[in-house]
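Scroll down for the structure; my scribbles are underneath it.
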Amino acid sequence: MKLEYTMEKDALLTYQLYVASRSPRISMQRKRARWLVAIVAVALSGSYIFLQMYAGAAILMCLGLVWFLAYPMYSAWYYRRHYEKHVEEALSGLTSKKVSVGLNGVLLLQDHTAESKVKLDQIETIVQIPGYTMIMLSSGQAVTLPVKHLGDELDPFIEALLEKSEARFSREPDWEWK
Numbered sequence: 042m043k044l045e046y047t048m049e050k051d052a053l054l055t056y057q058l059y060v061a062s063r064s065p066r067i068s069m070q071r072k073r074a075r076w077l078v079a080i081v082a083v084a085l086s087g088s089y090i091f092l093q094m095y096a097g098a099a100i101l102m103c104l105g106l107v108w109f110l111a112y113p114m115y116s117a118w119y120y121r122r123h124y125e126k127h128v129e130e131a132l133s134g135l136t137s138k139k140v141s142v143g144l145n146g147v148l149l150l151q152d153h154t155a156e157s158k159v160k161l162d163q164i165e166t167i168v169q170i171p172g173y174t175m176i177m178l179s180s181g182q183a184v185t186l187p188v189k190h191l192g193d194e195l196d197p198f199i200e201a202l203l204e205k206s207e208a209r210f211s212r213e214p215d216w217e218w219k
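Written out as structure tokens, the structure reads:
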């Protein structure tokens, strides 16, 4: 059983964003930045109130509130832009190339430069998100399969892969980068 498709930037970007959304370090970093600036603004506004500079205190409180409410959107934009640049710079050699993924006792990965065999026990999880299915490997790498290009071929391949490997299956239909 073999799947063939063309690797796209969007598939690489989606993988990067998915991994970032599941990273405890990045999640903590985003939460910390959101709260820290808001708390500092409120604390500074307290000192302005103590000095009886009520207009300055109100401005700082408003800025803290705006930051707290708007930061998730800014952070999502910032990380998306960061990973878009990463895909452009570091992974541009992978895009627009034919890729094949086969299943024959091992997971056989092939592109224009190399061929790789992955033991089936190295597959940890198969994750379905809107538009993509990702085969997550124990090495921290993944194979991103675009649903729109593979269509009806994808489901039998994933079923066969799940039968032959001990991988967990996770369906996340509501996942989106936030």
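With our numbering applied, the sequence shown has no gaps in its numbers, which climb one by one up to 219 at the end. Glycine included, every Cβ here is placed at the ideal spot set by N, Cα and C.
Item to check | Counterpart residues of R36 in DSSP-defined beta bridges | outcome: Summary: the structure shown does not reach residue 36, with the chain confined to residues 42 through 219, and so no result is reported for it.
Next on the checklist: Residues in the same chain with beta-carbon distance under 6 angstroms from A131, minus the five sequence neighbours each way, listed in chain order, please.
Outcome noted: Residue numbering aside, residue 131 sits at position 90 when the sequence shown is read from its first letter. Contacts found: none.
Checklist entry - Which of the three DSSP states, helix, strand or coil, is assigned to K72? => result One-based indexing of the sequence shown puts residue 72 at position 31. Helix, per DSSP.
Checklist entry - Any chance the stretch 121 to 139 sits against the stretch 169 to 186, with 3 or more Cβ pairs inside 8 angstroms? => result no
Next on the checklist: Give me the residue from P171, F91, H190, V107 with the minimum Cα distance to V78.
Outcome noted: For the purposes of this step, residue 78 is taken as the residue at position 37 of the sequence shown. Nearest C-alpha to V78: V107.
Checklist entry - From T185 to Y56, what distance separates their C-alpha atoms? => result In the sequence shown, the residue the question calls residue 185 occupies position 144. In the sequence shown, the residue the question calls residue 56 occupies position 15. Their backbone Cα atoms lie some 7 angstroms apart in a straight line.
Item to check | Which of helix, strand or coil DSSP assigns to T55 | outcome: If you number the sequence shown from 1, residue 55 lands on position 14. Judged by DSSP in its simplified three-state form, T55 adopts helix.
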